Amino acid sequence: MRRVVAQGTFDLIHPGHIHYLEDAAAMGDELHVIVARRENVTHKEPPVLPNRQRRDVVAALDAVDEARVGHESDIFAPIEDIDPDVIALGFDQHHDDDAIEAELAERGVDCSVERASAREKRYDDELLSTGTIIDRILEQRG
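Below you can see the structure in the form of structure tokens.
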């Protein structure tokens with residue numbers, strides 16, 4: 001059984017998220033998703049939707065075997081608990097692959113870190129970013 005972990009904010013699910021999670025699921029036999037806690041998101045605007053709601057939506061996706069909200073203070077705690085073979089990062093996620101691998105090694109977690117492929121637009125006005133979707137909503141309704 002090859003276990004894969006994917007993670008992200010997943011505020012407004014869009015085709016880019018679906019592609020990432022399907023790509024991550026294809027890297028193994030079982031896909032676990034860690035949904036970032038709103039209070040831990042510091043690299044961009046915090047999510048609009050509550051932690052549990054985002055987790056519930058991710059858990060409902062066919063590619064996902066299990067979804068959970070991340071740890072309150074230690075982002076690596078769920079990874080230690082899941083003990084994955086692969087951590088699948090989104091192609092454009094801000095994470096430093098080498099730093100993640102170093103932290104995993106220090107904690108005794110033996111797994112590889114791989115990047116999912118990019119999802120190309122299928123038509124001109126397709127939106128593949130939560131930020132872009134929010135900007136469009138504000139532009140059209142704000």
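1 is the number of the first residue of the sequence shown in full-length UniProt numbering; add one for each residue after it.
In this text, a Cβ means the ideal position worked out from N, Cα and C, and glycines have one as well.
From a predicted model like this one, the values you see are computed outputs, not experimental measurements.
{"Asked": "For P46, which residues in the same chain have their Cβ closer than 7 Å to its Cβ, ignoring the five residues on either side in sequence?", "Found": "R38"}
{"Asked": "To the nearest whole angstrom, what separates the beta carbons of E80 and V109, a pair I think is in contact under 8 Å?", "Found": "6 Å"}
{"Asked": "Alpha carbon to alpha carbon, how far is G131 from R54? Give it in angstroms, no decimals.", "Found": "16 Å"}
{"Asked": "Per the DSSP calculation, V69 is bridged to which residue(s)?", "Found": "V35"}
{"Asked": "Using the rule of at least 16 other Cβ atoms within 10 Å of the residue's Cβ for burial, across every protein chain shown, is R52 buried or exposed?", "Found": "exposed"}
{"Asked": "Taking only three categories from DSSP, how would you classify E126?", "Found": "coil"}
{"Asked": "Buried or exposed: where does A6 fall if 16 or more other Cβ atoms within 10 Å of its Cβ makes it buried?", "Found": "buried"}
{"Asked": "Could you tell me whether the Cβ atoms of residue 155 and D23 are closer together than 9 Å?", "Found": "A query on residue 155 cannot be resolved here, the shown segment of the chain reaching from 1 to 142 and no further."}
{"Asked": "Tell whether a beta-carbon distance below 9 Å holds between R122 and G90.", "Found": "no"}
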